[in-house]
Every structure is written in C-alpha cells, then in structure tokens.
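Going by the numbering used here, the sequence shown opens with residue 1, and the numbers climb by one from there.
This report refers to the structure that appears directly beneath it.
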Amino acid sequence: MEKWIENSKGHGFSESIPNDIVLDILSKLPYKSLQRFKSVCKAWRYLISSPQFLEENFFKANARNYDSSLWRCMYLASHGITHGSGPFVLETSDCNGSAREVRVGRHLTSTSEFNFLGSCNGLLLLSRGGDDLFIWNPCSGMNKNVCCSDRFVLTRYNIGISGLAYDSSSEDYKAVFGVWSIDSGSMDILLYAFRTNTWKTIYRKGLPFMCCLSPEQGATVNGVPHWLFRRKDLKRTNDRPIAYFDPTEEKFRELSLPADREAAFDLIAFGALGGCLSVTYNSLGGLSETWVMREYGMEESWMKLFVFFPNSCDKYLYLRPLCFTMKGEVLMEVERKRLVFYNVKDGSKTHISSFVNNELYYWSSSNLGFELATYLETSDFPAMGTKKRSFSV
C-alpha cells in the first residue's frame, strides 16, 4: 500500500481524508459502488485496481465475524418435472437468500453438461460440454475461454480433482486438474498457467491417494485448493489426509483432520467456511459436528464450531456449511440437493426461495453433490497470456 500512497500525491486526492480511513471505507463497499468510486480521482482508481487492495478485500471478507455481504453462492438448477430432466439454468443467491438467474456472456447456460471446476478470489473456472473451458468473473461479467492443448481434451479424460489457485509470487492464476486418461487408465496432474498460456504435466504417476472424498473442485483457502482423500495403503484406511496444491512450488502437500473424530461418524463433508478449512462429521442419526482450522496449517488449531441436533421434522444425513451470512447464519448444503440458512443460536432454518418449490430439482454429474460454488464479489480478472500456447510433458 505504500506504493499507492506515494502515487496518490498530485492526483487530486483529498489530503483531508487520512489514507487509513479511505482504505477502511473502500474495503467495505460492494463491487458496483467500487466501480463508481474509481472516477473520484486517479489515486482511488489506482488503489481499487491494485492487486494489494484486492488481496486486502479477500482477507477481510474471509475473516471471522466480518460483514458477509460480498459472499454469493451459485448453483446449477433444473426446473424439469423429473429429476435431472432440465432445462438447466445458473442461479446465484446473495447473503440474504434472494436468487436470480445469470448468464455467462453470450454462452447459453441451458445444458446438462455444466461443471464448476474451481473458485478463487471471486473467479470461477467452468466447463460447459465437450472441450469448452473458461474463466469467469460473475460479478463483472468478464469471461474468456482457456485454450486447451491438443494433449488436454476434456472428453478424453475423467476429471478426478480440479481447482483454481493464485500464485502471489508471480501474480498469476493457475488451474490444476487430476485427470484419469480413458486411453491408459492412469491419472496425470495437469497444470495451466494463465499469464503464460502454458500447459504442463507435473505428476506423471498421480498422487499417493486412492480417491477423492470431497467434491472435485477443491475448497479454496488462502488462494489454494484443498481436497479430502483416502490413502492407497489399505492398512491406513482410517487415515484421510487433506491434500492441497502449492501454486508457487507446484507441488501437493498434506494437512491432517481433527484427531479421533472420524470413528464416531458416518459421512464427512469437507469445505471452507469463514476463510478457514472446515470439516463436518455427519452421523446416520442426523447429528452433525462442524470443525474449522482456525490457524491455517496448525493442526492443533482445529476447533468445534457448532453442532447440528436433529429433531422429529428434520433429520439430515449430509450437511456441508458453505459461508456465513450478514445475520450470522450459515448457508448449508443439505442432502446434496438443496440450500438452507441455519441459525446456529436457535436452530431455526430458512430455505432459499428457489428451493422451497418441490418441483425444482438440482442435478450433478457427480454423486458428491449438485453443481455449486461460493465466491466473493470482486473486480479481479487474470492476466491472460497472448503468446502461442505450449504444452510440456
């Protein structure tokens, strides 16, 4: 921010407003307001467009007990009369529960082949049928196709894991894919760098894990996607590590779940909540516990955040918290097919408007949940390389 303060001099910036107050005010504004404030003066435009300001916004929006008005949840909905019959549309819900249909530029969204492959810093990585892969900022509407290498054709692979990461050292976004080759039956880890427009294989023999136990798109914390796996070693069946992709080193690393909790529960829901990694243990009786890693990378910092107690009306076998709301509620994915707001204090629930009608059905090509992604309002968009694409083995 020091660079911004220096550049603000001589650009018509009001000396009567302290810089820290300006930063505090601007960091709390929604996307549309920030775009209007860019026209106040050159210094404000420079600040709002700077990577440092965007990073500060993401940090504050992810902080616990912070105003959650910037959070959104997008999902793929089917309005057909039978399960998965279509037509399929994209809908987004804000922190108050109001939903609306959205479109990706000129791309049609009425398709059953729409997948969220990653979310990072307000950007979504999506595929839409066949080989159509693109990056999209749902807030600004900016989107651009990713040039797939001839070696990476989506229809030739089954995607096991995917994610979108931000490499702060190079200020570059990177997309990572764990893909099973239909031809060879082996899994490769492929990486795409947006700034240089390059593809490469970083793991030829795959990862030391048997399968992914979480939705294919990773849970993003600190600009890094994470997944929950099971070991290949059958003697360590109860050892389920969290694997994450380090975009700077371009390597996978591990974290551990809370100790001694898994044996008492039947299903595990993995994700991110309030800027922290989260894991929800679900029992067949409907009891659920949600834990968060308060200090990233510190395994001893896992803390039980809240417990969901079943009653005679609601006994859910699967709950996954997605984000906090402005009222302190938690947006929850329920039974992998609907969304509700859960009040932790009194146990009350409020359904998102689109999910109240029993004639609405929600579909996914994966049995790990319907297609959804949480994201923040932002003006960020990755620098896209203009040089000829390349692919290295």
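Think of the CB as a built atom: it goes at the ideal place given N, C-alpha and C, for glycine as much as any other residue.
(1) How would you write the range of the alpha helix (DSSP H) that Tyr316 sits in, first residue to last?
(2) By the 10 Å Cβ neighbour count, where 16 or more other Cβ atoms means buried, how is Met303 classified, buried or exposed?
(3) Under three-state DSSP, which class holds Ile242?
(4) Residues bridged to Thr280 by DSSP?
(5) Can you give me the Cβ contacts of Ala39 inside the same chain, cut-off strictly under 8 Å, excluding the 5 residues immediately before and after it?
(6) How many angstroms separate the CA atom of Phe270 from the CA atom of Thr280?
(7) What are the partner residues of Val344, as DSSP defines its beta bridges?
(8) Return yes when the Cβ of Ala165 is within less than 9 Å of the Cβ of Gly118, no when it is not.
(9) Could you check where the beta strand (DSSP E) with Ala219 kicks off and where it finishes?
(10) On the DSSP letters alone, give me the boundaries of the alpha helix (DSSP H) that Ile48 sits inside.
(11) According to the Cβ coordinates, are Val330 and Val307 closer than 9 Å?
(12) Let me make sure I understand the geometry here. Which of Ser288, Arg294, Cys147 and Lys349 has the alpha-carbon closest to that of Leu319?
(13) Go ahead and pull the three-state DSSP assignment for Ser119.
(14) What separation, rounded to the nearest whole angstrom, lies between the Cα atoms of Ile21 and Leu376?
(15) Among Gly218, Ile159 and Phe177, which one has its Cα closest to the Cα of Ile202?
(16) Distance check for Ala193 and Lys174, CA to CA, integer angstroms please.
(17) Alpha carbon to alpha carbon, how far is Pro51 from Ile159? Give it in angstroms, no decimals.
(18) Per DSSP, Ala373 is paired with what?
In this structure, then:
(1) Neither: Tyr316 is in no alpha helix (DSSP H) and is coded neither H nor E.
(2) By the Cβ neighbour-count rule, Met303 is exposed, with fewer than 16 other Cβ atoms within 10 Å of its own.
(3) strand
(4) According to DSSP, which records beta bridges pairwise, Thr280 is partnered with Ala269 and Thr290.
(5) A small fix is needed here, since residue 39 is Ser in this sequence, not Ala. Excluding positions up to five away in sequence, the list reads Arg45.
(6) 6 Å
(7) Answer is none; Val344 lacks a bridge partner.
(8) Taking 9 Å as the Cβ cut-off, Gly118 and Ala165 qualify as a contacting pair.
(9) Ala219 to Val221
(10) Start and end: Lys42 to Ser49.
(11) no
(12) If we check each option's Cα against that of Leu319, Ser288 comes out closest.
(13) strand
(14) Approximately 23 Å, taken between the alpha carbons.
(15) Phe177
(16) Straight-line Cα distance between these residues: approximately 5 Å.
(17) 31 Å
(18) Answer by DSSP bridge pairing, in chain order: Met74.
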